[in-house]
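**Q** With the first letter of the sequence shown counted as 1, position 243 gets the number 383 in the working numbering; the numbers rise by one all the way through. Think of the CB as a built atom: it goes at the ideal place given N, C-alpha and C, for glycine as much as any other residue. Before anything else, here's the structure in question.
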Amino acid sequence: MRILNKLIILLFALFGLFIVLGKPFVYYYTDYLWYHDLGFERVFFLKFWLQSLLFFVIGGLTGVLFYLNGYLVHKTAVKTGAFADFFDPRFRIWVGEKYRLLLKLVSLVLAIILGLSAAPFWEEAILFVKATPFAKADPLLGLDISFYVFKLPFLRYLANFGFVLWVLCAGTGFFLFLVLGHIRSSQTSKLVLTTPFRRYLALMLALFFLRLAFDLWLDRADLLFDERGVVFGAGFTEAKVMLPVLNALVIVSLVSAVLAAIFVFRPRKEILIGLVLAYAGLYFVGLKFLPGVVHKYIVQPNELEREKKYLAYEIKATREAFGLDKVDEQEFKFGPPLTKEVLARNQDTIKNIRLWDHQPLLETFSQIQEIRTYYKFISVDNDRYKINNELRQVMLSARELSYEDLPSRSWINEHLVYTHGYGLTLGVVNEVTEEGLPKLLIKDIPPVSECDLEVKQPAIYFGEIANEYVIVRTKAREFDYPAGEENVYTTYNGTTGVSIGSLPRRLLFAIRFGSSKILLSGDITSESKILYHRSVAERVRKAAPFIFFDADPYLVIGNDGRLFWFVDGYTVSNRYPYSRRVKGVGNYVRNSVLAVVDAYNGNISFYLKDATDPIIRTYAKIFPGMFKPITDLREDLRRHIRYPHKLFLLQAKLFGAYHMEDPRVFYNQEDLWEIPKSLRDERRYMKPYYTIMKLPGEDKAEFILMIPFNPAKKHNLAAWMCVRCDPENYGQMLVYRFPKQKLVYGPQQIESRINQDPEISRQLSLWDQRGSRVILGTLLIIPIEGNLLYVQPLYLKAESGQIPELKRVIVAYENEIKMAPTLEGALNAIFGEIEKKPKATAQMQKIRQEILPSLKPIFDIYLQAEEALKQGDLEKFGRLWRKLGELLKNKP
């Protein structure tokens, strides 16, 4: 019976040990299998080995130093000391006979605790070692920016670790000397320290002041992130008062390390009073009292003049850190009034004006294209494609599988049968049916295409939503898509997936996902694979945990008919000197990475969008081969790179203030810009929008992201900002300022005029009755040849139905506002019948593509000859004219 009880206790102990150590091992190993499957073992192993190295180095250092400190102090104290009378005899056993065992146990526990606390700093450690210089120095201390971004965080950790270790060692040593009677009373009733205790005290004080000097040296760098006052970073007070005081404190600390040791052996009032006065004077007066006095009586009475230099530092650093220093600012040149002929020339812009807002379109897609209750559209993506040889702006959405809406949520259905979404819905941005619904170019299941854009692999195993895991290639038939009364089934043939056919693997994943069905299921075969981390956002974060990824992936159709998810990745930091911090982001950001995920296979590829960024260059050194040049991305996919919406919005908000480069103007906020707010909701700002248009001075339309600006607390337009998205000019930001002497209507003013229009107001009131609701879409501002066209869609949604319908389009130009069922109708009402540009015939296309380019050299020489004639250079004119003749003779 006693043996049985011991066996039961042993089994429970083993089970408890497995719970404590087994599950973390299972997670680690199954994570390794996932990284191995995708080819990112280096990320897994480097993180693992760095964490292990930090654990053993910091833990070992803690254990060894703490043990040596305790051992040597105890050995020294025992020789010349005796137990103090006021300690309990039972306590003496632990400081006497069992002390060595106790010291080993405490050293081990502290080593494990501090070692584990060091493991999360693996990234700071490797960045410290592999740091790439920024080749820019801060204006105050003259240190390269890389010191603050890469080195300062780990140095600060080392300073904190040193202090914790000093407290542990010094506390143990002082306690032992106290217990073993090394503080004694003399005949004059004064406390006397023994010589060993004095030596130890001298050493500890010297180490304390050395660490303090290091900490104060780091505090100098922290001045560049000070958020007090009008300057972000060190202002006048910090630079002229606090920095010199900190420099002095560093020197005083180094001197104090020596003086403190001398004082312990030769107590002299002069040393003690000198140390106390030096620290008290510098710290309390120099860092606590004097800065406030200087700021109040010297800086504030003449704040602009005192802070002007430091404001210039902040403006320059913030513009650099957020990529605003490369913005090209221009004056918006107004052209002749718009006419129907001008609009006819700009059909590439007109036919790509977005009439569908994301939310109404998402609701419409959900109602007319989900097909089954278990399909769901999560978001709508904005992109551009060559459709029937024309560049068109489109909005598309992936049809994903919603496991919450399955007809039967059994384990087999969720994990073996319903494994993937299917296809997508795509329509151009400005076309509607007679019923007011979007005109779809790709729709239904299987995908039906009404253009030359086709989806040949519609299965979406990896998307924006995903189940915890699915197991493919099993005996259970894998649902592909519904076809009438029957279903079509398939088998996953992708290249990724972790093999789960063996019993040990099934046991591992049963433990990981807490499901015994994985272990017991008879449907799993030797060919079966498990797919997990299927959410695209989670997948890329797992593969590259050091990159900050956008929460909104977008879907792209390749020329081969396959689907790919694009996810923008950012390198961020909050340690860029003098740059203003933004909550949740930091004070430095670059869109350095593009992650491309195959929607069927789940393969991940990382491409460098900004190879000049020092942070991503550092990570590229740490993980060689992980990041490919953007030119390695397939050309058909590279054409769909777009500038991130959220990054541009962040930059636009900052540019509203930091376009003022003059510190005086910036201080007074004389030319502050704001993003326009909605007239219907003052809390909501206008969002940037993608569009296809010709930029001023350009010959062809291109895909851009743009947003307008208002002057602060006014509603007219001050400027508009855009960023180019096409590969040849990707990332180039432009700002077009409006003349201050000319009134240019802003979105709120146009919306007010629309609401005041008698005909439109009457119609809106009529529609917005019980049983229906009017939804006014985003007011778009479209620049066309030096003019601004305002376009606003109007949707109608019945309370009994759920499908928003596009019923009207409102167009405003100068003093005219018209509403019509279509954009074309509204434009015709203002400008008259617009002649559509005829489609180019095959012969015309051949002339444009083959013949016209060959005539360019001839045309260039003709222009040079004409210019020479204007300047009266007849000799040059004659020479060019003869050359022109020779070229014309040689032309077939």
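Name the residue from Ile511, Asp772, Val370 and Lys657 whose alpha carbon lies nearest to the alpha carbon of Pro586.
**A** Ile511
**Q** Excluding five sequence neighbours on each side, which residues of the same chain lie with their C-beta closer than 6 Å to the C-beta of Leu857?
**A** Pro848, Phe878, Val884 and Gly886
**Q** Distance, Cα to Cα, Ser548 vs Ser655?
**A** 18 Å
**Q** What residues in its chain sit with their C-beta under 7 Å from that of Leu501, if we drop five residues either side in the sequence?
**A** Val520, Met535 and Pro578
**Q** Return the CA-CA distance between Ile658 and Phe649, expressed in angstroms with no decimal places.
**A** Looking at the backbone, the Cα of Ile658 and that of Phe649 are separated by about 7 Å.
**Q** Assuming Glu554 and Asn627 are in contact, meaning their beta carbons sit under 8 Å apart, how far apart are those beta carbons, in whole angstroms?
**A** With 8 Å as the limit, Glu554 and Asn627 do not qualify as a contact, their Cβ atoms being about 16 Å apart.
**Q** Considering Cα atoms alone, identify which of Ala277, Ser247, Lys817 and Leu186 is closest to Phe139.
**A** Limits of the chain in this structure are 141 at one end and 1032 at the other, which puts residue 139 out of reach.
**Q** Taking 8 Å as the cut-off, decide whether the C-beta atoms of Tyr740 and Tyr601 are in contact.
**A** yes
**Q** To the nearest angstrom, how far is the alpha carbon of Phe349 from that of Leu212?
**A** Phe349 and Leu212 have their C-alpha atoms some 22 Å from each other.
**Q** Tell me whether the beta-carbon of Pro693 lies closer than 8 Å to the beta-carbon of Glu604.
**A** For Pro693 and Glu604, yes; Cβs fall inside 8 Å.
**Q** So within the stretch 434 to 487, which uninterrupted beta strand (DSSP E) runs reach at least 3 residues, ignoring any that extend past its ends?
**A** 468 to 471
**Q** In the DSSP assignment, find the beta strand (DSSP E) that holds Trp860 and state where it starts and stops.
**A** That run of the beta strand (DSSP E) goes Ala859 to Arg864.
**Q** Please return the same chain residues whose Cβ sits closer than 7 Å to the Cβ of Ala310, not counting the five positions on each side in sequence.
**A** Met344
**Q** Skipping 5 residues on each side, what residues in its chain have a beta carbon closer than 8 Å to that of Phe517?
**A** Leu502, Phe505, Ser506, Gln509, Glu510, Ser537, Ala538, Arg539, Glu540 and Thr565
**Q** Do Ile832 and Arg524 have their C-beta atoms closer together than 8 Å?
**A** yes
**Q** Cα separation between Pro1075 and Val246?
**A** Absent from the structure is residue 1075, since the part of the chain shown begins at 141 and ends at 1032.
**Q** DSSP three-state label for Leu241, please.
**A** helix
**Q** Is it buried or exposed for Lys473, if we count other Cβ within 10 angstroms and need 16 for buried?
**A** exposed
**Q** Pick out whichever of Arg652, Thr636, Thr614 and Val304 has its Cα sitting closest to the Cα of Glu667.
**A** Thr614
**Q** What does a CB cutoff of less than 8 Å around Gly313 pick up in its chain, not counting 5 residues either side in sequence?
**A** Asn209, Gly210, Val213, Tyr340 and Met344
**Q** Which residue or residues does DSSP assign as beta-bridge partners of Lys215?
**A** Answer is none; Lys215 lacks a bridge partner.
**Q** Given a cut-off of 8 Å, decide if Phe376 and Asn296 are closer than it, judged by their beta-carbon atoms.
**A** Per the sequence shown, the amino acid found at residue 296 is Arg instead of Asn. No. Outside cutoff.
**Q** Can you tell me where the alpha helix (DSSP H) holding Ser912 begins and where it ends?
**A** Counting along the chain, Ser912 falls outside any alpha helix (DSSP H), though it belongs to the beta strand (DSSP E) covering Ser912 to Leu916.
**Q** Assuming Asp700 and Leu734 are in contact, meaning their beta carbons sit under 8 Å apart, how far apart are those beta carbons, in whole angstroms?
**A** Rounded, the Cβ-Cβ distance is 19 Å, inconsistent with contact.
**Q** For Asp738, write down the residues that DSSP places opposite it in a beta bridge.
**A** Phe704
**Q** Looking only at its chain, what residues have a beta carbon closer than 8 Å to the beta carbon of Leu422, apart from the 5 residues adjacent to it on each side?
**A** Only Val385, Ala388, Leu389 and Val392 meet the Cβ criterion.
**Q** Under DSSP, the alpha helix (DSSP H) around Gly311 begins and ends at which residues?
**A** That run of the alpha helix (DSSP H) goes Leu292 to Val319.
**Q** So is Lys979 buried or exposed if we call it buried at 16+ other beta carbons inside 10 Å?
**A** The pLDDT assigned to Lys979 is 49, lower than 50, so where the model puts this residue is not dependable; a value taken from the coordinates is nonetheless given after this. Classification for Lys979: exposed.
**Q** Decide if Ala933 is buried, meaning its Cβ has at least 16 other Cβ atoms within 10 Å, or exposed.
**A** Here residue 933 is Pro; the residue named in the question, Ala, does not match the sequence. Buried, because 16 or more other Cβ atoms sit within 10 Å of the Cβ of Pro933.
**Q** Measure the CB-CB distance between Phe184 and Asp171 and report whether it falls below 8 Å.
**A** yes
**Q** Find the nearest neighbour of Gly567 within the set Tyr876, Leu777, Phe688 and Asp497, judged by alpha-carbon distance.
**A** Asp497
**Q** On a Cα-Cα basis, can you pick out the residue from Lys947, Ala859, Ile413 and Ala265 that is closest to Phe686?
**A** Ala265
**Q** Can you check which of these residues, Val425, Val204, Phe354 and Leu194, is closest to Val381 by C-alpha distance?
**A** Val425
**Q** Going by DSSP in three states, Ser675 sits in which element: helix, strand or coil?
**A** strand
**Q** Answer with buried or exposed for His435, where buried requires no fewer than 16 other C-beta atoms within 10 angstroms of its C-beta.
**A** buried
**Q** Name the two residues that bound the continuous beta strand (DSSP E) containing Arg720.
**A** Membership of Arg720 in any beta strand (DSSP E) is not indicated, and neither H nor E is assigned to it by DSSP.
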